[in-house]
Amino acid sequence: MTRSLVVAEIIDGALSPLTAEAVSAAAGLGDEVVVAVAGSDAAALADQVALAGVTEIVTVTVPGNDRDHDQMMQVVEALVAEVAPQVVLAPFTIRSTAWAAAVAERLDLAYTPDVVALGASGEGLSAERSIYDGRVRAQYSFPSDRPVLALVRAGAWTPAEPGGAPATRALDVAPTPSRVRLGEVRRPAGGVDLTTSDVILAVGRGVGGEENIAAFADIAERMGAALAASRPVVDAGWLPAVHQVGQTGVTVKPKVYIALGISGALHHLAGMQTSKTIVAVNTNADAPIFGYADVGAVADIHEVAEQLKALL
Amino acid sequence: MKVLVCVTQALEVSAYLEFTADGTAVDEAFVTTSLNEADQNAVEEALALVEAAGDGEVVVVSAGGDEAEEALRAGLTMGAHRAVRVDVASVLLADTRTLAAALGQAVAAEQPDLVLTGVQASDTGSQSAAPALAAVWGVPAVSVARSLALGGRTLTARREFEGGVSDEVEVDLPAVVSVQVGANEPRYGTFKDKMRAKKAEIPVLTPVDLPAARVVLTQMSADHAGGRTVQMVQGGPAEVAARILTIVREVQ
């Protein structure tokens, strides 16, 4: 009998679909799954977490926004005290990693981020992580009887379907003012929506310089593909942020993803590894991206670009 | 102005690999290491902040064994003034809280104004050292900072989120901040800097009263997380281009 607490991920006031994956992970561990929704409009979001396997929904209405990690830390602490779970789960994201390790420290919980599998047996809970460019799977055990707080990787569990009629109740939490004062928010200037493209042509560090971007943009256009980039290209200012695929960029799932000159850093893989077909071209035969690709080539992307241009 | 920067030596493993006899680490014959990329940005940010303040020092700290010393020497080469190693067996660092407790002892000894970390170690990607250390130290944390500026005792930071969204925050020191990869252009030391770093004395702190491990790494095995078997295109750029177009045309 395991009681899990799932902390819903709220982004810009909306429920993140990753929450349903964390619910699915919790439902796999035991039959008691409490989902907590915290935010300025928590009650309005409660219906959306009535998912298969959920036994109870707890709403926490708090003033700040969902970028207020210091407040979220206090909310989760209050929830753990109230629900007394054996397992606390949340999606592995920028927001959750900002509060989770601090909560674990303050409440003496066993903590592990970015898990891809969880198991419950007579010997207790175990977890698995995929590390070192996805080349190593590491298993963890939790030797104490303290609750386990685990953050689950996006895409590792099938999202729980809507269903069930869990009871909903509200929990009062009065957080102290955050020590981090939030200011102005900036959103990338738009015009590009990578998430709706069937074909994405993405360029990485291997593109070499800003002067080479135009050639790849031209190929993408003629090919009917959207142009994307890995983080270094955006950091260098060669393309605006709206083109970025990865942890701090957009997560995409096109029919075809063509990675040119992208080595496959953790940050980038997080944003594209569930694409249907992945093609990778890189000069380094040992680049991690080839472990995530269906079709690969060890080649100079500029020479490949020349040939593509000739064919289009 | 004293800035402490937590650094780590990040591992890269080859596609084919073997494990140590106890199965909790990759055999070092299949591993190459270097100063974690995000930590290079953190060291650079610290050096720039101290330079802007006109006075102060940057101390690099790493928890671990001999490999940690390599990270520290790389930090010294970049220009950090001093280095401290906290001696902990690396397998114990699988528990974020052990890592934070070990680093916390260096923080207690040094009493810095600000602690920086890289946003994540490129090998394990936990993104957790900064918030864990902030909780150990009892100060606020700022995660995934893209730029930092200091005005008196108040730090202003731009934080990154998913989807290219960012925000600006303010926090009073002391605080712990994780620095995003690409936040700046890390400087390289000269050959002379490297020689000096190589000879530098690195004091070792032996942690006392580390908390009982809550998480234990029990076993590593070879993985193929991508879950795909790559089919390599034979031939030159022309064949590669033709293959790409064939794949694209099939879905259009």
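Chains as they are written, first to last, in our numbering: chain F, 1 to 312; chain D, 1001 to 1252.
Every residue gets a Cβ at the ideal spot worked out from N, C-alpha and C, and that includes glycine.
Just so you know, these numbers come straight off a predicted model, no measurement behind them.
- Listed along chain F, no residue sits closer than 8 Å to residue 1103 of chain D by beta-carbon distance, the nearest being about 12 Å off.
- Spatial neighbours of residue 227 of chain F in its own chain (CB-CB distance under 7 Å, excluding positions within 5 residues in sequence) are listed in chain order as 201, 216, 217, 220, 243.
- Using a CB distance below 7 Å, the part of the segment 1138-1152 of chain D facing chain F consists of 1140, 1141, 1142, 1143, 1144, ordered along the chain.
- If you ignore the 5 residues before and after residue 1153 of chain D, its C-beta comes within less than 7 Å of the C-beta of 1172, 1173, all in its own chain and listed in chain order.
- Here the alpha carbons of residue 287 of chain F and residue 296 of chain F stand approximately 11 Å from one another.
- Judged by beta-carbon spacing, residue 2 of chain F lies beyond the 8 Å limit of residue 1247 of chain D, meaning their Cβ atoms are not closer than that value.
- Residues of the same chain with a CB within less than 6 Å of the CB of residue 1082 of chain D, apart from the 5 flanking positions on each side, are 1059 in chain order.
- With fewer than 16 other beta carbons inside 10 angstroms of its own, residue 1087 of chain D counts as exposed.
- For residue 1045 of chain D, the enclosing alpha helix (DSSP H) has its first and last residue at 1037-1053.
- Residue D:1072 holds the alpha-carbon nearest to the alpha-carbon of residue 1193 of chain D among D:1002, D:1065, D:1019, D:1072.
- Under the three-state reduction of DSSP output, residue 1127 of chain D falls in the coil class, being neither helix nor strand.
- By the Cβ rule, the segment 1202-1209 of chain D does not count as touching the segment 1135-1148 of chain D, because fewer than three pairs are nearer than 8 Å.
- Secondary structure note for residue 1219 of chain D: its beta strand (DSSP E) is the uninterrupted segment 1216-1222.
- The continuous stretches of alpha helix (DSSP H) do not include residue 240 of chain F, and DSSP gives it neither H nor E.
- Any Cβ of chain D closer than 8 Å to the Cβ of residue 253 of chain F would place that residue at the interface, and such an atom is absent.
- Counting other Cβ atoms within 10 Å of its Cβ, residue 292 of chain F reaches 16 or more and is therefore classed as buried.
- Between the C-alpha atoms of residue 194 of chain F and residue 257 of chain F there is a straight-line separation of about 11 Å.
- The beta strand (DSSP E) runs of length 3 or more contained entirely in the segment 246-291 of chain F are, from start to end of the chain, 256-260, 277-282.
- Going by C-alpha positions, residue 283 of chain F is about 35 Å away from residue 151 of chain F.
- Along the segment 194-225 of chain F, the positions whose C-beta sits under 8 Å from a C-beta of chain D are 198, 199, 223, 224, 225, read in chain order.
- For residue 235 of chain F, the three-state secondary structure derived from DSSP is helix.
- 8 Å or more divides the Cβ of residue 115 of chain F from the Cβ of residue 105 of chain F.
- Chain-ordered listing is empty here: chain F has no CB closer than 9 Å to the CB of residue 1191 of chain D, the nearest sitting near 26 Å.
- With respect to residue 1098 of chain D, residue 1006 of chain D sits apart: the two C-beta atoms are not nearer than 8 Å.
- The Cβ atoms of residue 1214 of chain D and residue 137 of chain F do not sit closer than 8 Å to each other.
- Counting only runs of at least 3 residues, the segment 29-91 of chain F fully encloses the following beta strand (DSSP E) elements, listed from N- to C-terminal order: 32-39, 56-61, 87-91.
- Less than 8 Å divides the Cβ of residue 1142 of chain D from the Cβ of residue 1175 of chain D.
- Residue 186 of chain F is bridged by DSSP to D:1166.
- Per the Cβ contact rule, the segment 1112-1128 of chain D is in contact with the segment 261-277 of chain F (3 or more Cβ pairs under 8 Å).
- Taking the C-beta atoms as reference points, residue 24 of chain F is found no nearer than 8 Å to residue 188 of chain F.
- In the DSSP assignment, residue 230 of chain F falls outside any beta strand (DSSP E), carrying neither H nor E.
- Below the 7 Å Cβ cutoff, chain D contributes no neighbours of residue 17 of chain F, its closest Cβ being approximately 12 Å away.
- Under the 8 Å criterion on CB atoms, residue 1048 of chain D is classed as non-interfacial with respect to chain F.
- Within chain D, the residues 1232, 1233, 1240 have their CB atoms less than 7 Å from the CB of residue 297 of chain F, given in chain order.
- The straight-line gap separating the alpha-carbon atoms of residue 1237 of chain D and residue 312 of chain F is approximately 14 Å.
- Its Cα nearest to that of residue 1008 of chain D, the residue D:1127 stands out among D:1216, D:1127, D:1151.
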